[in-house]
Amino acid sequence: MTMLAPGPGTLPGPAWSPTPGADVVECLLEGIRITAWAHNEPITVEHIPEPLRFVGKGTDAIVVAHPGLPELAFKVYAPQTIGCLADEYEAYRRLGASPYYATCLGRGDFYLVLTYEPGPTLYDCLVQGIPIPASAMADVEAARRYARSVGLHPKD
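Printed below as a string of structure tokens:
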């Protein structure tokens, strides 16, 4: 088992480090069963061990939280998309301490450790009929400008 370690781009602040609790969380993360599909379809979640809590999913990974570490989120990649992890880790390194994005605190072989950012996603708002204020859309555009300013090409 590879233990989490802060990477070269991690930022000062609450860092994720290999502690006795870290190995318990990593064992739980190893028990997650997910499948990625071709054509950019959302991940299928087959199993998430308790007490992990499902936070969200995309086309490459899911995000879970552990009740004992409420300030953290764990982005777990499907076996089919594990190749995306290194690119995303580099993207988080470039984003640094942005007010628009979660901060990456470390990584394992198949997951990233991020700061937990509560609240519904834009996708959740669309699906659930939650009104999206104009200020939120302005923030999205500012976040996209920021990502481009650090050499990234935001697509979603």
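Heads up, the sequence shown is in the numbering used here, so the first residue is 7 and it goes up one at a time. Ideal placement from N, C-alpha and C gives every residue a C-beta, glycine not left out.
Own chain partners of residue i with C-beta closer than 8 angstroms, once the 5 adjacent residues on each side are dropped
{"i": "Leu120", "result": "Val69, Leu78, Ala79, Phe80, Lys81, Tyr98, Ala108, Thr109, Cys110 and Leu111"}
{"i": "Leu158", "result": "Ala97, Arg100 and Leu101"}
{"i": "Ala149", "result": "Ser104, Tyr106, Tyr107 and Pro160"}
{"i": "Val156", "result": "Arg100, Leu101 and Gly102"}
Residue closest to residue i, alpha-carbon to alpha-carbon, out of the options
{"i": "Lys63", "options": "Thr50, Gly74 and His72", "result": "Thr50"}
{"i": "Pro76", "options": "Val61, His45, Glu47 and Ala142", "result": "Val61"}
{"i": "His72", "options": "Tyr83, Ile54 and Asp66", "result": "Ile54"}
{"i": "Leu118", "options": "Pro137, Glu94 and Gly37", "result": "Glu94"}
DSSP beta-bridge partners of residue i
{"i": "Thr163", "result": "Any question about residue 163 goes unanswered here, given that the chain covers just 7 to 162."}
{"i": "Arg59", "result": "Ala71"}
{"i": "Cys131", "result": "In DSSP, Cys131 forms no bridge with anything."}
Limits of the unbroken alpha helix (DSSP H) element including residue i
{"i": "Val82", "result": "That residue, Val82, is in no alpha helix (DSSP H); its beta strand (DSSP E) goes Leu78 to Tyr83."}
{"i": "Tyr98", "result": "Cys90 to Leu101"}
Residue i - containing beta strand (DSSP E), residue span
{"i": "Leu120", "result": "Tyr117 to Thr121"}
{"i": "Leu111", "result": "Cys110 to Arg113"}
Own chain residues within Cβ distance below 6 angstroms of residue i, not counting five before or after
{"i": "Ile38", "result": "Ile54 and Val82"}
{"i": "Ala153", "result": "Pro160"}
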